[in-house]
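Enquirer:
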Amino acid sequence: MNIDILAFGAHPDDVECAAAGIVLNTTSNGGKVVIVDLTRGELGSFGDEHSRKDEATKASKMLSLFEREQLDLEDGNIENNHQNRLKIIHLIRKYRPKIILANAIKDRHPDHHKAAQLVAEASFLSGLKKMETFEEGKIQEKWRPDVVYHYIQDQFIEPNIVVDISAFFDLKMEVIKAYSSQFITAHDNKANGILNLLKQIESTNQIFGRAINVKYAEGLTSERYIGTKNVLDLL
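With the numbering used here applied, the sequence shown closes on residue 571, and no number is skipped along the way.
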């Protein structure tokens with residue numbers, strides 16, 4: 337199969353907080369998006385792995401995802417090792433995406449930048465024929481996405497590209513709130529920073545939107561040059 341976007345998050349809700357607008361924009365136009373949660377988010381201060389799974393299922397429906405996968409890596413201890421790279425490569429070759437979204441290249445949570453590096457390296461290695469992975473006992477064909485973009489999370493990073501999500505911002509915030517243990521119950525319990533985090537997401541999307549004269553946008557970074565066949569396509 338061939339999908340449009342394969343989006344990886346170190347934890348359930350990573351993709352939603354940073355790139356739900358891009359996902360909604362894609363699926364609303366008939367595009368296929370798959371989200372992969374690397375961990376169950378079991379170390380989170382609120383909720384547990386079971387509640388977060390239920391919340392991810394609810395969010396997935398709101399996002400109209402093609403599929404959602406769980407790799408069950410260890411929360412708080414994501415390692416960029418051969419075994420984990422093979423798990424990522426297997427999914428890249430299974431879904432054959434045009435675009436991969438991954439965690440921020442640097443962030444407050446150590447899992448985020450570790451996941452970013454893991455996914456980026458696996459995305460390159462997935463294009464090597466001699467890097468063997470298997471699906472139902474058969475060797476998978478190599479596949480390398482057109483590009484890997486890193487979304488922006490807690491720390492402010494200057495983006496290389498911004499995407500207008502104005503039409504989807506309100507729904508994005510409802511999707512985030514589907515993770516009620518993280519953003520509703522936690523706030524009711526007066527956890528420091530929860531309400532501020534929602535405001536920060538809105539403010540960051542407004543700042544990125546201002547750069548292209550729209551109300552809200554999400555930012556991405558790329559480790560490669562961003563190319564085009566027609567400069568007008570960048571407008």
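Just so it is clear, CB atoms sit at the ideal spot from N, CA and C, and this is done for glycine as well. It should be emphasised that the depicted structure is a prediction, and the values quoted were computed from it without experimental measurement.
Excluding sequence positions up to five away, which residues of its chain have a Cβ less than 6 angstroms from the Cβ of E391?
Expert: Stepping through the sequence shown from its first residue, residue 391 is reached at position 55. Contacts found: A514 and Y515.
Enquirer: In angstroms, rounded to a whole number, what distance separates the CA positions of I441 and V498?
Expert: The residue you call residue 441 lines up with position 105 of the sequence shown. The residue you call residue 498 lines up with position 162 of the sequence shown. I441 and V498: Cα-Cα distance of roughly 16 angstroms.
Enquirer: Out of C353, T564 and G463, point me to the one whose CA is closest to A438's CA.
Expert: Counting from 1 along the sequence shown, the entry for residue 438 is found at position 102. If we check each option's Cα against that of A438, C353 comes out closest.
Enquirer: Quickly, what does DSSP pair K394 with across the bridge? List them, please.
Expert: On the sequence shown, residue 394 is found 58 positions in, with the first residue counted as 1. Answer is none; K394 lacks a bridge partner.
Enquirer: Evaluate L342 with the Cβ neighbour count: other Cβ atoms within 10 Å of its Cβ, from every protein chain shown; 16 or more gives buried, anything less gives exposed.
Expert: Residue mapping note: residue 342 aligns to position 6 of the sequence shown, counting from 1. Counting Cβ neighbours within 10 Å, L342 comes out buried, since at least 16 surround it.
Enquirer: DSSP on H486, reduced to helix/strand/coil?
Expert: Locating residue 486 in the sequence shown gives position 150, counting from the first residue. Looking at H486 - three-state DSSP - the assignment turns out to be strand.
Enquirer: For K565, is the classification buried or exposed, using 16 other Cβ atoms within 10 angstroms of its Cβ as the cut-off for buried?
Expert: As a position in the sequence shown, residue 565 is number 229, starting the count at 1. Per the 10 Å Cβ criterion, exposed.
Enquirer: For a test of the three-state rule: what should DSSP assign to S387, helix, strand or coil?
Expert: Within the sequence shown, residue 387 is the residue found at index 51, counting from 1. Correct three-state label for S387: helix.
Enquirer: Which residue spans inside the segment 401 to 450 form an unbroken alpha helix (DSSP H) run of at least 4?
Expert: Fully enclosed alpha helix (DSSP H) runs of 4 or longer: 418 to 431.
Enquirer: Within the chosen definition, does the segment 472 to 488 reach the segment 556 to 565 through at least 3 CB pairs nearer than 8 angstroms?
Expert: The segment 472 to 488 is in contact with the segment 556 to 565.
Enquirer: Which class does T540 belong to by DSSP, given the choice of helix, strand or coil?
Expert: The residue given as residue 540 occupies position 204 in the sequence shown. Three-state DSSP puts T540 in a helix.
Enquirer: Tell me which same chain residues have a C-beta within less than 7 angstroms of the C-beta of H448, skipping the five on either side of it?
Expert: For the purposes of this step, residue 448 is taken as residue 112 along the sequence shown, with counting starting at 1. Cβ within range, chain order: A346, N439, A440 and Q489.
Enquirer: Contact check, R376 vs D349 under 8 angstroms by CB: the rounded distance?
Expert: By 1-based counting over the sequence shown, the position of residue 376 is 40. By 1-based counting over the sequence shown, the position of residue 349 is 13. In fact, because the Cβ distance is near 12 angstroms, the residues do not count as touching under 8 angstroms.
Enquirer: Which same chain residues, not among the five before or five after S502, have their C-beta less than 6 angstroms away from its C-beta?
Expert: Residue 502 sits at position 166 when you count from the first residue of the sequence shown. Counting only Cβ-Cβ distances below 6 angstroms, and skipping sequence neighbours, we find V550, K551 and Y552.
Enquirer: Where does the unbroken beta strand (DSSP E) through T557 begin, and where does it stop?
Expert: Numbered from 1 along the sequence shown, position 221 holds the residue referred to as residue 557. Its beta strand (DSSP E) spans residues A553 to S558.
Enquirer: By Cβ distance, which residues of its chain are closer than 8 angstroms to E405, with the 5 residues on each side in sequence left out?
Expert: For the purposes of this step, residue 405 is taken as residue 69 along the sequence shown, with counting starting at 1. Counting only Cβ-Cβ distances below 8 angstroms, and skipping sequence neighbours, we find V370, I371, V372, D373 and L427.
Enquirer: Quick check: what's the CA-CA separation for A456 versus H418?
Expert: Sequence index remark: in the sequence shown, residue 456 carries index 120 (1-based). Sequence index remark: in the sequence shown, residue 418 carries index 82 (1-based). C-alpha separation (whole angstroms): 13 angstroms.
Enquirer: Name the DSSP beta bridge partners of V372, please?
Expert: Here the question's residue 372 lines up with position 36 in the sequence shown. In the DSSP output, where bridge partners are listed per residue, V372 has F344 and E405.
Enquirer: Under a three-way DSSP split, which group does D500 fall into?
Expert: Position 164 of the sequence shown holds residue 500. Strand.
Enquirer: Measuring from the CB of H426, is there a heavy atom of the ligand ATP at a distance below 7 angstroms?
Expert: Ligands in the displayed structure: none, and consequently the ligand ATP is not present.
Enquirer: For I512, name the three-state secondary structure that DSSP assigns.
Expert: Within the sequence shown, numbered from 1, the residue matching residue 512 stands at position 176. DSSP places I512 in helix when its eight states are reduced to three.
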